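**Q**
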Amino acid sequence: MPARHPADPRITSGIIALAAIALLIGGAFAGLLVEGAHDFSGAWAAFDPYLLRVVRFTLWQAALSTLLSVGPALLVARALSRHPRFFGRAFILQLFAVPLALPAIIAALGILALYGRAGYFAGAFTVIGGGSWPGIYGLSGILVAHVFFNLPLGVRLFLEALQTIPADQWRLASQLGMGAQPAFRLIEWPTLRAALPGVAGLVFMLCITSFTIVLTLGGGPAATTLEVGIYQALRFDFDPARAVTLTLLQIALTFVVVLALTRLGVNVVGDTNLPVAPRRYLSISGVETWLNVVLIALALLFVAGPMVATVMAGLGADLGRLAGEAAVRQATLTSAVLAFLSALLSVMLSLALTMARRGLELNRRSGARTILEHAADTGAGFVLVVPPIVVGAGWFLLLRRVGDVFAIAPVMVVTVNAVMAMPFALRAVRPAYDAASERHERLCAQLGIAGWNRLMLVDWPSLRRPLATAFAFAMALSLGDLGVIALFGSDSVQTLPYLLLARMGSYRTQDAAGLALLLGLVCLALILAAHWLGREKNRDA
Numbered sequence: 001m002p003a004r005h006p007a008d009p010r011i012t013s014g015i016i017a018l019a020a021i022a023l024l025i026g027g028a029f030a031g032l033l034v035e036g037a038h039d040f041s042g043a044w045a046a047f048d049p050y051l052l053r054v055v056r057f058t059l060w061q062a063a064l065s066t067l068l069s070v071g072p073a074l075l076v077a078r079a080l081s082r083h084p085r086f087f088g089r090a091f092i093l094q095l096f097a098v099p100l101a102l103p104a105i106i107a108a109l110g111i112l113a114l115y116g117r118a119g120y121f122a123g124a125f126t127v128i129g130g131g132s133w134p135g136i137y138g139l140s141g142i143l144v145a146h147v148f149f150n151l152p153l154g155v156r157l158f159l160e161a162l163q164t165i166p167a168d169q170w171r172l173a174s175q176l177g178m179g180a181q182p183a184f185r186l187i188e189w190p191t192l193r194a195a196l197p198g199v200a201g202l203v204f205m206l207c208i209t210s211f212t213i214v215l216t217l218g219g220g221p222a223a224t225t226l227e228v229g230i231y232q233a234l235r236f237d238f239d240p241a242r243a244v245t246l247t248l249l250q251i252a253l254t255f256v257v258v259l260a261l262t263r264l265g266v267n268v269v270g271d272t273n274l275p276v277a278p279r280r281y282l283s284i285s286g287v288e289t290w291l292n293v294v295l296i297a298l299a300l301l302f303v304a305g306p307m308v309a310t311v312m313a314g315l316g317a318d319l320g321r322l323a324g325e326a327a328v329r330q331a332t333l334t335s336a337v338l339a340f341l342s343a344l345l346s347v348m349l350s351l352a353l354t355m356a357r358r359g360l361e362l363n364r365r366s367g368a369r370t371i372l373e374h375a376a377d378t379g380a381g382f383v384l385v386v387p388p389i390v391v392g393a394g395w396f397l398l399l400r401r402v403g404d405v406f407a408i409a410p411v412m413v414v415t416v417n418a419v420m421a422m423p424f425a426l427r428a429v430r431p432a433y434d435a436a437s438e439r440h441e442r443l444c445a446q447l448g449i450a451g452w453n454r455l456m457l458v459d460w461p462s463l464r465r466p467l468a469t470a471f472a473f474a475m476a477l478s479l480g481d482l483g484v485i486a487l488f489g490s491d492s493v494q495t496l497p498y499l500l501l502a503r504m505g506s507y508r509t510q511d512a513a514g515l516a517l518l519l520g521l522v523c524l525a526l527i528l529a530a531h532w533l534g535r536e537k538n539r540d541a
């Protein structure tokens, strides 16, 4: 058994990381409480018909989005599971992974390019409807965008569940001559039914915390959610009391959903690792094969359509002129610097929590885990309860009393995006560090190697690729984020998503399409790098 080290530097680093997270979240709550105490009557008066309408629409659009995403996802996952080997299957699964990290504002532009008033399908919709096509703003646009993001996620989660079915069950079903319908009822449906509440709950949480989609496609007050209401209350109406009320309601709603997901044991970061598809022993009829082909093809077209439209619209823009604009160059540089710093901070915090959790686990003699160990294990997941717009709103209200809130924009963007990317970074770093610790812990204890020397000489070879994977993914998430910069952005501090939103607001759609193409290509390159590094890591292991 490893020797006990009360002064383990790994624990100290974890305490510092937890303190930083607590300061960020606590500061946001402090801003909300101070503002609420300062104008309690105003916050209470915010409970009016408008607030009830916003809450009702938030829940309604999330419920509809969940229904429209999860139902088709279950059918497509079953179709892919029934056909584990065909040309292009791996490409489809990789394509379905792209929306998980694609900036929401890019998807919104792609959807507008397809289904908007001047979109590629506008003529067909005009003929079908017998009148001019009004566009897709409002609830319909929000639903299409949410299905675009969440249908691929649901497919991958359901497919992962189906691939846990033991091969022996399929072999026995084949020996008994079981047909497709009995196989679904007796083998596939019990597994899908067990996964259904968790997948639906995860999609519902993602929809109630959707900010960029509703902001860009909502189209007006009738399609406003709690998060967009917070943004409007601070940036347009400057009604801090209403912002406090909306923020507290958003936190309460998100907390209830996350708590339910935790009880269900759901992977709340929305990442899946699909194993090699097992062999199927059942023969599939020609009719079912064609139905499965149609389902997969429709899902592929629906997901690929906005991506292709974004590329086509971006290529139609004057990219040379955009590249020469000082505002675009400055926004690109600002985005790159802030995303780099955010990813670096996210990786450092994730590594510190991972090391602290392992150190506390090894130093624990017996019994239940301590509060510190529990915090190191689940502290990063707590940030999922507090969306970026909520953290930004709390700090916005707190800082406005002490100085210029827009001057602190870079710090807020870096810190909030870093903490929000931590759950994803931890999934890449923690397994590699725990495996390295299992191999080297006793030797390091005997030789007295600890701290920086241990990290560089012992752990670094095993952590190099996982850290690079986490860094690339965190940087991609930070590059496309609009939640914090939407509150703190200004003419002096602009990122590419902020500039893109401004060009959309001024009806410069061609410029917005060009910026979306640039941002999308950079994010896609980072995601591909993270995927390649993760695959190489698994191969080395």
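Numbered by full-length UniProt numbering, the letters in the sequence shown go through residues 1 to 541 in order. Yeah, the Cβ is synthetic: ideal placement off N, Cα and C, and Gly gets one too. Nothing here was measured: the structure is a model prediction, and the numbers come from that model.
(1) Could you tell me the alpha carbon to alpha carbon distance between Gln250 and Leu345, rounded to whole angstroms?
(2) Judging by CA-CA distance, which residue of Pro84, Arg85, Ala118 is the nearest neighbour of Tyr507?
(3) Of the residues Gly392, Val127, Ile208, Leu186, which one's Cα is nearest the Cα of Gln169?
(4) Quick one: what does DSSP say Gln250 is sitting in, helix, strand or coil?
(5) Based on Cα-Cα distance, which residue from Leu24, Phe424, Ala19 lies nearest to Val386?
(6) Would you kindly check if the distance between the Cβ of Ile230 and the Cβ of Ile389 is under 7 angstroms?
(7) Going by beta carbon distance, what residues of the same chain come within less than 7 angstroms of Arg235, once the five residues before and after it are set aside?
(8) Could you check if Val276 is buried or exposed, using at least 16 other CB atoms within 10 Å of its CB as the buried criterion?
(9) Can you list, in chain order, the stretches of the alpha helix (DSSP H) that have 4 or more residues and sit fully within the region 162-186?
(10) So, is Ile92 buried or exposed, given that buried needs 16 or more other C-beta atoms within 10 angstroms?
(11) Excluding five sequence neighbours on each side, which residues of the same chain lie with their C-beta closer than 6 angstroms to the C-beta of Gln494?
(12) Going by the beta-carbon positions, is the gap between Arg156 and Phe204 smaller than 7 angstroms?
(13) Looking only at its chain, what residues have a beta carbon closer than 8 angstroms to the beta carbon of Val257, apart from the 5 residues adjacent to it on each side?
(14) Quick one: does Arg235 have its CB under 7 angstroms from some CB of chain D?
(15) Report yes if the CB atom of Val419 is closer than 7 angstroms to the CB atom of Ile485, and no otherwise.
(16) Count the other C-beta atoms from every protein chain shown that fall within 10 angstroms of the C-beta of Tyr433, then say buried if there are 16 or more, exposed otherwise.
(17) Which class does Trp133 belong to by DSSP, given the choice of helix, strand or coil?
(18) Please name the residue in Gln510, Gly448, Ala180 whose C-alpha comes closest to that of Ala113.
(19) Within 10 angstroms of the Cβ of Asn150, are there 16 or more other Cβ atoms? Answer buried if so, exposed if not.
(20) Nearest-angstrom Cα distance between Leu517 and Asn363?
(21) On a Cα-Cα basis, can you pick out the residue from Ile128, Thr415, Asn292 that is closest to Phe86?
(22) Comparing C-alpha positions only, which one of Ala77, Ala124, Leu217 sits nearest to Ile111?
(23) Assign residue 568 to buried or exposed, taking buried as 16 or more other Cβ atoms, counted over all protein chains shown, within 10 Å of its Cβ.
(24) Using the C-alpha atoms, what's the distance from Val328 back to Gly141?
(25) Under 7 angstroms between the Cβ atoms of Leu295 and Leu74?
(26) Among the candidates Gly27, Ala173, Leu192, whose CA atom is the shortest distance from the CA of Ala183?
(27) Taking the alpha helix (DSSP H) that Ala432 belongs to, which residues open and close that run?
(28) Going by other Cβ atoms of all chains shown within 10 Å of its Cβ, with 16 needed for buried, is Thr289 buried or exposed?
(29) Are the CB atoms of Phe471 and Ala339 within a distance shorter than 7 angstroms?
(30) Quick one: what's got a C-beta closer than 8 angstroms to Ala37's C-beta in the same chain, skipping five residues either side?
(31) Just verifying my parser: in three-state terms, what is the DSSP assignment at Asp459?
(32) Can you give the Cα-Cα distance for Ala512 and Asp237, rounded to whole angstroms?
(33) Applying the criterion that 16 or more other CB atoms from any shown protein chain within 10 Å of the CB defines a buried residue, is Leu18 buried or exposed?
(34) Let's test the definition: count the other Cβ atoms within 10 Å of the Cβ of Glu373 and tell me whether it reaches 16, buried, or not, exposed.
(35) So is Gln61 buried or exposed if we call it buried at 16+ other beta carbons inside 10 Å?
(36) Let me confirm a value: Val405 is counted as buried when at least 16 other C-beta atoms fall within 10 Å, else exposed. Which label applies?
**A** Taking the geometry as given:
(1) To locate residue 250, count along the sequence shown from 1; it is residue 250. To locate residue 345, count along the sequence shown from 1; it is residue 345. Approximately 27 angstroms, taken between the alpha carbons.
(2) On the sequence shown, position 507 is the one that residue 507 refers to. Out of Pro84, Arg85, Ala118, Ala118 has the C-alpha closest to the C-alpha of Tyr507.
(3) Working through the sequence shown from its first residue, we reach residue 169 at position 169. Ranking the options by Cα distance to Gln169, first place goes to Leu186.
(4) Working through the sequence shown from its first residue, we reach residue 250 at position 250. Gln250 falls in the helix class under three-state DSSP.
(5) Residue mapping note: residue 386 aligns to position 386 of the sequence shown, counting from 1. Looking at the Cα atoms, Leu24 is the closest of the given residues.
(6) On the sequence shown, residue 389 is found 389 positions in, with the first residue counted as 1. On the sequence shown, residue 230 is found 230 positions in, with the first residue counted as 1. Contact flag set, yes.
(7) Translated into the one-based positions of the sequence shown, residue 235 becomes position 235. Excluding positions up to five away in sequence, the list reads Leu487.
(8) Taking the first residue of the sequence shown as 1, we reach residue 276 at position 276. Interpretation of Val276 is limited by its pLDDT of 44, a score under 50 that renders its predicted location unreliable; the figure taken from the coordinates is listed afterwards. The residue in question, Val276, is exposed, as its Cβ has fewer than 16 Cβ neighbours within 10 Å.
(9) 167-175, 180-183
(10) Position 92 of the sequence shown, counted from the start, is the residue given in the question as residue 92. Its Cβ being crowded by 16 or more others within 10 Å, Ile92 is buried.
(11) If you number the sequence shown from 1, residue 494 lands on position 494. The residues are Ala331.
(12) Residue mapping note: residue 156 aligns to position 156 of the sequence shown, counting from 1. Residue mapping note: residue 204 aligns to position 204 of the sequence shown, counting from 1. In this structure, Phe204 does not lie closer than 7 angstroms to Arg156 by Cβ.
(13) The count along the sequence shown starts at 1 and reaches residue 257 at position 257. Contacts found: Gly201, Phe204, Met205, Ile208.
(14) The structure shown contains no chain D; it is built from a single protein chain.
(15) One-based indexing of the sequence shown puts residue 419 at position 419. One-based indexing of the sequence shown puts residue 485 at position 485. Not in contact: Val419 and Ile485 (Cβ atoms no closer than 7 angstroms).
(16) Locating residue 433 in the sequence shown gives position 433, where the first residue counts as 1. By the 10 Å Cβ count, Tyr433 comes out buried.
(17) Here the question's residue 133 lines up with position 133 in the sequence shown. In the structure shown, Trp133 sits in coil (DSSP, three-state: anything other than H, G, I, E or B).
(18) Within the sequence shown, numbered from 1, the residue matching residue 113 stands at position 113. Here the closest residue by C-alpha is Gln510.
(19) As a working mapping, residue 150 is identified with position 150 in the sequence shown. When all chains shown are included, Asn150 counts as buried.
(20) Position 517 of the sequence shown, counted from the start, is the residue given in the question as residue 517. Position 363 of the sequence shown, counted from the start, is the residue given in the question as residue 363. In a straight line, the C-alpha of Leu517 is about 50 angstroms away from that of Asn363.
(21) The count along the sequence shown starts at 1 and reaches residue 86 at position 86. It is Asn292.
(22) Residue mapping note: residue 111 aligns to position 111 of the sequence shown, counting from 1. When only C-alpha atoms are compared, the closest one is Leu217.
(23) A question about residue 568 goes unanswered here, because the residues of the chain that appear run from 1 up to 541.
(24) Within the sequence shown, numbered from 1, the residue matching residue 141 stands at position 141. Within the sequence shown, numbered from 1, the residue matching residue 328 stands at position 328. Straight-line Cα distance between these residues: approximately 28 angstroms.
(25) Translated into positions along the sequence shown, residue 295 becomes position 295. Translated into positions along the sequence shown, residue 74 becomes position 74. No, Cβ-Cβ distance for Leu295 and Leu74 is not below 7 angstroms.
(26) If you number the sequence shown from 1, residue 183 lands on position 183. Ala183 has its Cα closest to that of Ala173, out of Gly27, Ala173, Leu192.
(27) If you number the sequence shown from 1, residue 432 lands on position 432. Ala432 -> alpha helix (DSSP H) spans 422-447.
(28) Within the sequence shown, numbered from 1, the residue matching residue 289 stands at position 289. Thr289 comes out exposed.
(29) Numbered from 1 along the sequence shown, position 339 holds the residue referred to as residue 339. Numbered from 1 along the sequence shown, position 471 holds the residue referred to as residue 471. Not closer than 7 angstroms, so no.
(30) As a first step, residue 37 must be located in the sequence shown, where it is residue number 37. Result list for Ala37: empty, nothing under 8 angstroms.
(31) On the sequence shown, position 459 is the one that residue 459 refers to. Helix at Asp459.
(32) Taking the sequence shown and counting its residues from 1, one reaches residue 512 at position 512. Taking the sequence shown and counting its residues from 1, one reaches residue 237 at position 237. Cα to Cα, the separation comes out at about 26 angstroms.
(33) Numbered from its first residue, the sequence shown carries residue 18 at position 18. Result: buried.
(34) Looking up residue 373 in the sequence shown gives position 373. Burial call: buried.
(35) Locating residue 61 in the sequence shown gives position 61, counting from the first residue. Classification of Gln61: buried, given that the 10 Å Cβ count is 16 or more.
(36) By 1-based counting over the sequence shown, the position of residue 405 is 405. Classification for Val405: buried.
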